[in-house]
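This report concerns only the one structure given below.
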Amino acid sequence: MSLLLGLSGGDGVAAAARLLHLPVLMAVQRQLTDSFRQAMRRVASTVNVISICVDGRPLGITATAVSTISMDPPSLLVCINRAASVHAQMEDASHFGVNVLHRDQEEIAQMFADRGQHALRFASGWENDCVNPPRLIGAQAAVRCRRIDSHAFGTHSIFIGLVEDVVVRDDVHPLLYLNGRYLSVGE
Ligand SMILES: Cc1cc2nc3c(=O)[nH]c(=O)nc-3n(C[C@H](O)[C@H](O)[C@H](O)COP(=O)(O)O)c2cc1C
């Protein structure tokens, strides 16, 4: 209230109205965020591990925020939280890998989403020469991209990659994430 009393004139009234409405606006924003989260829980996504190797050190993160951009040129984008340990190095990496997980690879998804398992992440199951981004053996698909652009947006950065190499596994059983759970579909 002392803040409100310190304000005077038309500006003061507008500022006071804004202050009084702030809790309402914050509650509306929270509700919108919750509804959006519920909506996104109803969207099935493939699960990927984004991999890079910078200064001889392999790094990766589980990510569902991956999307094709176009076939001409073959290109895709990935969205990485700025708080993720891989984020800063993504800015330095010339290339990144998108390893689309197979339904057999739920453990890999959990490992690359768990801060406590950093040391184990590349211990086995990866081809890694550190010239190319690490490639997960047995992945549903492994796509090597040249990182050509990035854009900051809110809590995340969007990294755009030009596809340079693709390896696919013949049986089609990708790991999916829906409503907070892993599942699979397949032919
Ligand atoms: C199914 C699933 C999907 C995820 N998708 C993303 C994503 O698209 N982008 C992102 O930045 N983090 C995503 N995360 C969160 C990161 O995997 C998680 O924060 C990870 O621990 C960050 O790596 P760090 O521990 O090395 O910082 C996802 C987690 C899970 C379980």
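So in the numbering used here, the last spot in the sequence shown is 234, and the numbers never skip. Ideal placement from N, C-alpha and C gives every residue a C-beta, glycine not left out.
*asked:* Looking at chain C, is there any beta carbon in it that lies within less than 7 Å of the beta carbon of His-68?
replied: The structure shown contains no chain C; it holds only a single protein chain.
*Figure out for me which residue from Asp-139, Gln-157 and Gln-187 has the closest Cα to the Cα of Ile-99.*
Residue mapping note: residue 99 aligns to position 52 of the sequence shown, counting from 1. Among Asp-139, Gln-157 and Gln-187, the Cα nearest to that of Ile-99 is on Asp-139.
*asked:* Would Phe-206 and Met-118 be called neighbours here (beta carbons separated by less than 7 Å)?
replied: For the purposes of this step, residue 206 is identified with residue 159 of the sequence shown, where counting begins at 1. For the purposes of this step, residue 118 is identified with residue 71 of the sequence shown, where counting begins at 1. Not in contact: Phe-206 and Met-118 (Cβ atoms no closer than 7 Å).
*Excluding sequence positions up to five away, which residues of its chain have a Cβ less than 7 Å from the Cβ of Cys-192?*
Locating residue 192 in the sequence shown gives position 145, where the first residue counts as 1. Around Cys-192: Leu-123, His-142, Phe-143, Val-145, Gly-208, Leu-209, Val-210 and Glu-211.
_DSSP-derived helix/strand/coil call for His-220_ = For the purposes of this step, residue 220 is identified with residue 173 of the sequence shown, where counting begins at 1. In this structure, His-220 counts as coil in the three-state DSSP scheme.
*Listed in chain order, which residues are found with a beta carbon closer than 5 Å to a heavy atom of ligand 1?*
Ile-108, Thr-109, Ala-110, Thr-111, Ala-112, Ile-127, Asn-128, Ala-131, Ser-132, Ala-160, Arg-162 and Tyr-224
*Rounded to whole angstroms, how far is the Cβ of His-149 from the Cβ of Gly-107, which I believe are closer than 8 Å?*
As a position in the sequence shown, residue 149 is number 102, starting the count at 1. As a position in the sequence shown, residue 107 is number 60, starting the count at 1. Contact doesn't hold; Cβ gap of about 16 Å is too wide.
_For Met-73 and Gly-53, the rounded distance between their alpha carbons_ = One-based indexing of the sequence shown puts residue 53 at position 6. One-based indexing of the sequence shown puts residue 73 at position 26. Only weak support is given to the placement of Gly-53: the predicted model assigns it a pLDDT of 45, under 50, and the value that follows is read from those uncertain coordinates. Between Gly-53 and Met-73, the C-alpha separation is close to 24 Å.
*Express the C-alpha separation of Phe-83 and Arg-216 in angstroms, rounding to a whole number.*
Taking the first residue of the sequence shown as 1, we reach residue 216 at position 169. Taking the first residue of the sequence shown as 1, we reach residue 83 at position 36. Cα-Cα distance, rounded: 34 Å.
*asked:* As an exercise, report each continuous beta strand (DSSP E) stretch of at least 3 residues that is fully enclosed by the segment 160-223, in chain order.
replied: 188-200 and 203-215
*Counting only the same chain and skipping the five closest in sequence on each side, list residues whose C-beta sits under 6 Å from that of Cys-254.*
The chain is shown only over 48 to 234; residue 254 falls outside these bounds and no answer can be derived.
*Can you list, in chain order, the residues of its chain whose CB lies under 6 Å from that of Ile-195, leaving out five sequence neighbours each side?*
As a first step, residue 195 is located in the sequence shown; it is residue number 148 there, counting from the start. Closer than 6 Å at the Cβ level, and outside the excluded window around Ile-195, lie Ile-207 and Leu-209.
_At the level of alpha carbons, what is the spacing between Asn-226 and Asp-58?_
Within the sequence shown, the letter at position 179 stands for residue 226. Within the sequence shown, the letter at position 11 stands for residue 58. Those two C-alpha atoms are separated by around 47 Å.
*7 Å Cβ cutoff met for Thr-93 and Pro-181*: Along the sequence shown, read from residue 1 onward, the residue named residue 93 stands at position 46. Along the sequence shown, read from residue 1 onward, the residue named residue 181 stands at position 134. Cβ distance not < 7 Å, so Thr-93 and Pro-181 don't count as in contact.
*asked:* Using DSSP's beta-bridge definition, name the partner residues of Leu-124.
replied: Translated into positions along the sequence shown, residue 124 becomes position 77. Paired residues: Ser-114 and Ile-207.
*Apply the 10 Å Cβ neighbour rule to Arg-168 and answer buried if 16 or more other Cβ atoms are within range, or exposed otherwise.*
Working through the sequence shown from its first residue, we reach residue 168 at position 121. So Arg-168 ends up on the buried side.
*Should Tyr-224 and Glu-153 be called a contact, given that it needs their Cβ atoms to be closer than 7 Å?*
Your numbering for residue 224 matches position 177 in the sequence shown. Your numbering for residue 153 matches position 106 in the sequence shown. Taking 7 Å as the Cβ cut-off, Tyr-224 and Glu-153 do not qualify as a contacting pair.
*Are the beta-carbon atoms of Thr-109 and Ala-64 separated by less than 7 Å?*
As a first step, residue 109 is located in the sequence shown; it is residue number 62 there, counting from the start. As a first step, residue 64 is located in the sequence shown; it is residue number 17 there, counting from the start. Cβ distance not < 7 Å, so Thr-109 and Ala-64 don't count as in contact.
_Rounded C-alpha distance that separates Arg-77 from Val-60_ = Counting from 1 along the sequence shown, the entry for residue 77 is found at position 30. Counting from 1 along the sequence shown, the entry for residue 60 is found at position 13. Their Cα atoms are separated by approximately 26 Å.
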